[in-house]
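What follows is one structure encoded as structure tokens, with my remarks underneath.
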């Protein structure tokens, strides 16, 4: 895949955090140990014994009635009953809609749910997305990810239908017909949450869609918007840092063209193995900047960390020394970086290699329907690189033997002129964003109606609002979460009033 | 199929009218010449040269990305450009969503569109439903209807996605991005129209759903409701007619049990070939009563015609003579009836046998997702016959090798507690019904919100409002259509206001 197509739409994932692996990458071939994530997010302190695991016998294809469509797979979902007020009181149910990742870390990483469960007396449900974690069709990962014929069932419409089935099943099993459902999701999961409210209003009273870039497909926003934000984040922290990064690309080219240039670069950047070409270095750096911007958590501020490293370099005035100083400030220098031979690239999929699954699954999704256009414009700290749809398509054909349906998302879910349409249709969606998150460039940043609202923070990063609260949270983040809770309370109060009127 | 499962959800179809064949049946094995339809509806006097035919290369499976999902078929749609104000004026587009039938008769049978086209300066579009008419996947009818593997793609969700694609294509081709779309449908097509507004609000500003029994699946309305209305229609016309019909079933049994009973019945009812059992007669009669009730057009009043025949029988007091007199009054006695050996039952599907296609296609649809529950209660003019889901399912397995997903429609589209849900979600749907139409028992008869409204007439029959106006139309029908036009005008005016605000 073209490098900057491979931005993950993921909030934060615990197994990735634990194993200090890569979360946000540009490429299937990005090395393992790019980023230490442990400092990024505070995890909810939930007792694992509070989390019950269930499996639902899910239909393989909801929109077809061929015999093989009736095949089933076990879809995993987790429930935390601890805070629930119970069916007799029609106590609410918060349902987290899983995204392109295993669901087990979600009870800990989506702290917003557990933080607010006692107040709402809410049941907490976390449903795993098909083809991820343990919710694998065709009996095994190997089969499910084998080719386009088995991957064909991995798409958002099928996932939403799965969620509908599981929600109906849970309400029936718990005899909780009158309990209001609020769906919550982040990033791609946030897109799913907002779409679920639009497509299945009979199954949820409202959606909290955190950092959901629902405008990032088709031609709705400019392909350069994402990288513009990354670049802006760095510029806001430091003009000199921005300039150094901007100048570093031609300097990499200059050194590369010297005799033994790649050896010089390999040594300078302490690579794990010698660089084969300068792109390996450039991609690594681009990935790091993008990752830092998307997950620019206020308590760790990776963009500031990198820029401090660059600006305060004690290595002299060499541009590349400054860049390396930025890497060390962010990642540390206790281990080699770049070109790690233990990289997960190209390794076969096994039962334990969940990162590869996430990469492969997401790679398939962005090649089939979620055609996310990302390019680099002329006025950033990166080298310009316009989005090339033809190349994107040909890469997808090569990698997955699939032709992207690049207009399907806006055909099925809409996207153009949303304000005109949704001001008179639908209700009860919160689109939350942090403007430092480059994915906010594809987000909803203005209210679409009285009850389809945008709540954003200028300093927020990706999915920040649905993470656990912390004593060190800035005031603006506390305020954002309070607003969200207030709106959800209003939805639920309105629902109870309607329910009373019915009976 | 169990007899009373096979109620068609169809408005009026010209080829059926022309060939004086059966439109509404209970059974795949119902004889051909049941009803003369020519007296039922006034057709729009449209010049055939005003109707242009187009084909769109349609995707076989919108919700799957397997290689075979990318197969295409030619989907037919018709356009009448005569009245259109043009793209420059953002003049509206009325789109008729085809149902379980070929689309060619629709420009003539759906007169409401052409009657109102000059006032609205509307473009008229008629899109054919997949698997009907000329919109056949897999290259031929024989292949498309071969088995569950090829029929699997015939369902409502795929059909709605087809309509979305065609609408986008038409707007693009005509550079009519700003032209508002109003979708119109009747019966099953009315269900599709309302669902299209709910699922694709970005592609239509509103829907006129005529005689759409969207509550008739799952357990939302009582299975007996349909036949209750049929029975009520006859009772309202004549108590004695109702009583005669009620008494006829046991009389048929009594005569059947006599020596040569079936010969006596065959002679009495002038059957085309000797009856093999009394059910052939009973089913024929049930079909006739149901048909008369569903298509009880005010100008022809078949229920009154039948009852007049029964009540004024000159054959003496024999119950069955009276019933035969009812048949003659309605159908005539110039030809034999019942057990016609030229019946279309059991005939293979050929290119010309469009009725069989409609039966097969609809048979598949009600066996896969549109599980319509119909039974007969204790207090009707029929013999009680409760709905039997198990038998329904086993019949579907036998006939089509498919297991009905009997909850899917309410999972995907909703159906329970619609008022509670749609009073705060969605807008701009007219549900029109006539209460004499037994399918109105599954229709929306109360406003769900300010703009999701029910407009019904006490004396109306199936899809009456979307047929052509006629000088003989009763006042209540004229009023119903005026209300609908007024509401559609309001939608369009509102849309233009929103459009102005946008630019």
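Chains as they are written, first to last, in the numbering used here: chain A, 1 to 503; chain B, 1 to 503. Quick reminder that beta carbons are idealized off the backbone N, C-alpha and C, glycines included. Just so it is clear, the structure is predicted and the values come from calculations on it, not from any experiment.
Hey, residue 425 of chain A and residue 185 of chain B: beta-carbon distance below 8 Å or not? Reading the first chain from its first residue, position 425 is the one you call residue 425 of chain A. Reading the second chain from its first residue, position 185 is the one you call residue 185 of chain B. Cβ atoms of residue 425 of chain A and residue 185 of chain B: not closer than 8 Å.
State the DSSP-derived secondary structure class of residue 247 of chain B, mapped to helix, strand or coil. Numbered from its first residue, the second chain carries residue 247 of chain B at position 247. Residue state, collapsed to three classes: helix.
Count Cβ pairs between the region 174–189 of chain B and the region 139–154 of chain B that sit closer than 8 Å; are there 3 or more? The region 174–189 of chain B vs the region 139–154 of chain B: no contact.
Does the contact criterion of 3 or more C-beta pairs under 8 Å hold for the region 54–67 of chain A versus the region 161–169 of chain A? The answer is yes - the region 161–169 of chain A touches the region 54–67 of chain A, with three or more Cβ pairs under 8 Å.
Applying the 10 Å Cβ sphere with the 16-neighbour rule, what's the burial state of residue 219 of chain B? Within the second chain, residue 219 of chain B is the residue found at index 219, counting from 1. With fewer than 16 Cβ atoms within 10 Å of its Cβ, residue 219 of chain B is classed as exposed.
Under three-state DSSP, which class holds residue 24 of chain B? Within the second chain, residue 24 of chain B is the residue found at index 24, counting from 1. Because the pLDDT at residue 24 of chain B is just 29, under 50, the model does not fix this residue reliably, and the point stays unresolved.
Per DSSP, what kind of secondary structure is residue 54 of chain B in: helix, strand or coil? Within the second chain, residue 54 of chain B is the residue found at index 54, counting from 1. Here residue 54 of chain B sits in strand by DSSP.
Check whether the region 247–265 of chain A and the region 276–290 of chain A touch, using three or more Cβ-Cβ pairs below 8 Å as the test. With a cut-off of 8 Å, the region 276–290 of chain A and the region 247–265 of chain A count as touching, because enough Cβ pairs lie within range.
Determine the direct distance from the alpha carbon of residue 371 of chain A to that of residue 399 of chain A, and round the result to whole angstroms. Here residue 399 of chain A is taken as the residue at index 399 of the first chain, counted from 1. Here residue 371 of chain A is taken as the residue at index 371 of the first chain, counted from 1. So the alpha carbons of these two residues sit roughly 14 Å apart.
Say whether chain A places a C-beta atom closer than 8 Å to the C-beta of residue 425 of chain B. As a position in the second chain, residue 425 of chain B is number 425, starting the count at 1. Residue 425 of chain B counts as touching chain A.
Any residues in the region 150–167 of chain A with a beta carbon nearer than 9 Å to a beta carbon of chain B? Which ones, in chain order? Answer set for the region 150–167 of chain A: 150, 151, 152, 153, 154, 155, 157, 158, 161, 164, 165.
Could you list which residues in chain B have their beta carbon closer than 8 Å to that of residue 63 of chain A, in chain order? Sequence index remark: in the first chain, residue 63 of chain A carries index 63 (1-based). Neighbours of residue 63 of chain A on chain B, chain order: 61, 62, 63, 64, 155, 157, 158.
Do residue 135 of chain A and residue 196 of chain A have their C-beta atoms within less than 8 Å of each other? Translated into positions along the first chain, residue 135 of chain A becomes position 135. Translated into positions along the first chain, residue 196 of chain A becomes position 196. The Cβ-Cβ distance between residue 135 of chain A and residue 196 of chain A does not fall below 8 Å.
Residue burial classification, residue 488 of chain B (beta-carbon count within 10 angstroms, cutoff 16): If you number the second chain from 1, residue 488 of chain B lands on position 488. In summary, residue 488 of chain B is buried, with 16 or more beta-carbon neighbours lying within 10 Å of its beta-carbon over all protein chains present.
Scan the region 398–411 of chain A for residues whose Cβ lies nearer than 7 Å to a Cβ of chain E and list them as they occur along the chain. Protein chains A and B are contained in the structure displayed, whereas chain E is not.
May I ask you to verify whether the region 407–421 of chain B touches the region 203–222 of chain B, counting CB pairs closer than 8 Å and requiring at least 3? Output reads yes: the region 203–222 of chain B touches the region 407–421 of chain B.
Are residue 79 of chain B and residue 103 of chain B close, meaning C-beta to C-beta below 8 Å? For the purposes of this step, residue 79 of chain B is taken as the residue at position 79 of the second chain. For the purposes of this step, residue 103 of chain B is taken as the residue at position 103 of the second chain. In this structure, residue 79 of chain B keeps its C-beta atom at 8 Å or more from the C-beta atom of residue 103 of chain B.
Classify residue 374 of chain B: buried if its beta carbon has 16 or more other beta carbons within 10 angstroms, exposed otherwise. Within the second chain, the letter at position 374 stands for residue 374 of chain B. Residue 374 of chain B comes out buried.
Where does the unbroken beta strand (DSSP E) through residue 77 of chain B begin, and where does it stop? As a first step, residue 77 of chain B must be located in the second chain, where it is residue number 77. Residue 77 of chain B -> beta strand (DSSP E) spans 72–80.
With C-beta atoms as the reference, is residue 224 of chain B less than 8 Å away from residue 434 of chain B? Position 224 of the second chain, counted from the start, is the residue given in the question as residue 224 of chain B. Position 434 of the second chain, counted from the start, is the residue given in the question as residue 434 of chain B. No, Cβ-Cβ distance for residue 224 of chain B and residue 434 of chain B is not below 8 Å.
With a cut-off of 8 Å, does the C-beta of residue 302 of chain B fall near any C-beta of chain A? In the second chain, the residue the question calls residue 302 of chain B occupies position 302. No, because no Cβ of chain A sits closer than 8 Å to the Cβ of residue 302 of chain B.
Near-chain A residues of the region 63–90 of chain B - C-beta to any C-beta below 7 Å: Taking a C-beta cut-off of 7 Å against chain A, the contacting residues of the region 63–90 of chain B are 63, 64, 65, 66, 67, 69, 70, listed in chain order.
Boundaries (first-last residue) of the beta strand (DSSP E) holding residue 186 of chain B: For this step, residue 186 of chain B is matched to residue 186 along the second chain. It spans 181–186 - the beta strand (DSSP E) in which residue 186 of chain B sits, taken as one unbroken run.
Pull up the distance between the alpha-carbon of residue 83 of chain A and that of residue 124 of chain A, whole angstroms please. For this step, residue 83 of chain A is matched to residue 83 along the first chain. For this step, residue 124 of chain A is matched to residue 124 along the first chain. Taking the straight line from one Cα to the other gives about 8 Å.
Look at the Cβ atom of residue 207 of chain B, then the Cβ atom of residue 230 of chain B, and state whether they are nearer than 8 Å. Reading the second chain from its first residue, position 207 is the one you call residue 207 of chain B. Reading the second chain from its first residue, position 230 is the one you call residue 230 of chain B. Between residue 207 of chain B and residue 230 of chain B, the gap from beta carbon to beta carbon reaches 8 Å or more.
Can you tell me whether residue 60 of chain A is buried or exposed? The criterion is at least 16 other CB atoms within 10 Å of its CB, across all chains shown. Indexing the first chain from 1 puts residue 60 of chain A at position 60. Answer is buried; the Cβ neighbour count reaches 16.
What are the partner residues of residue 208 of chain B, as DSSP defines its beta bridges? Sequence index remark: in the second chain, residue 208 of chain B carries index 208 (1-based). In the DSSP output, where bridge partners are listed per residue, residue 208 of chain B has B:184, B:430.
Taking just the CA atoms, how far does residue 395 of chain A sit from residue 387 of chain A? Within the first chain, residue 387 of chain A is the residue found at index 387, counting from 1. Within the first chain, residue 395 of chain A is the residue found at index 395, counting from 1. Spanning the two alpha carbons is a distance of roughly 13 Å.
Residue 44 of chain B lies in the alpha helix (DSSP H); which residues open and close that run? Your numbering for residue 44 of chain B matches position 44 in the second chain. Annotation: residue 44 of chain B is outside any alpha helix (DSSP H) and is labelled neither H nor E by DSSP.
Using three-state DSSP, classify residue 520 of chain B as helix, strand or coil. Any question about residue 520 of chain B goes unanswered here, given that chain B covers just 1 to 503.
Backbone CA spacing between residue 334 of chain A and residue 272 of chain A [nearest angstrom]: Taking the first residue of the first chain as 1, we reach residue 334 of chain A at position 334. Taking the first residue of the first chain as 1, we reach residue 272 of chain A at position 272. Cα atoms of residue 334 of chain A and residue 272 of chain A: separation of roughly 12 Å, rounded to the nearest angstrom.
Tell me, please, whether the CB atom of residue 368 of chain A is closer than 8 Å to any CB atom in chain B? Translated into positions along the first chain, residue 368 of chain A becomes position 368. At least one C-beta of chain B is nearer than 8 Å to the C-beta of residue 368 of chain A.
Could you list which residues in chain B have their beta carbon closer than 7 Å to that of residue 438 of chain A, in chain order? In the first chain, residue 438 of chain A corresponds to position 438, counting from 1. Neighbours of residue 438 of chain A in chain B, taken as residues at a C-beta separation under 7 Å, are lacking, since the least C-beta distance is about 26 Å.
Span of the alpha helix (DSSP H), counted from its first residue to its last, around residue 166 of chain B: Stepping through the second chain from its first residue, residue 166 of chain B is reached at position 166. From DSSP, the alpha helix (DSSP H) with residue 166 of chain B extends over 156–173.
Please name the residue in B:95, B:107, B:98 whose C-alpha comes closest to that of residue 50 of chain B. On the second chain, position 50 is the one that residue 50 of chain B refers to. Residue 50 of chain B has its Cα closest to that of B:107, out of B:95, B:107, B:98.
Could you work out which residues of chain A lie near residue 566 of chain B, taking near to mean beta carbons separated by less than 9 Å? Because chain B is modelled from 1 through 503, residue 566 of chain B falls outside the range shown and cannot be assessed.
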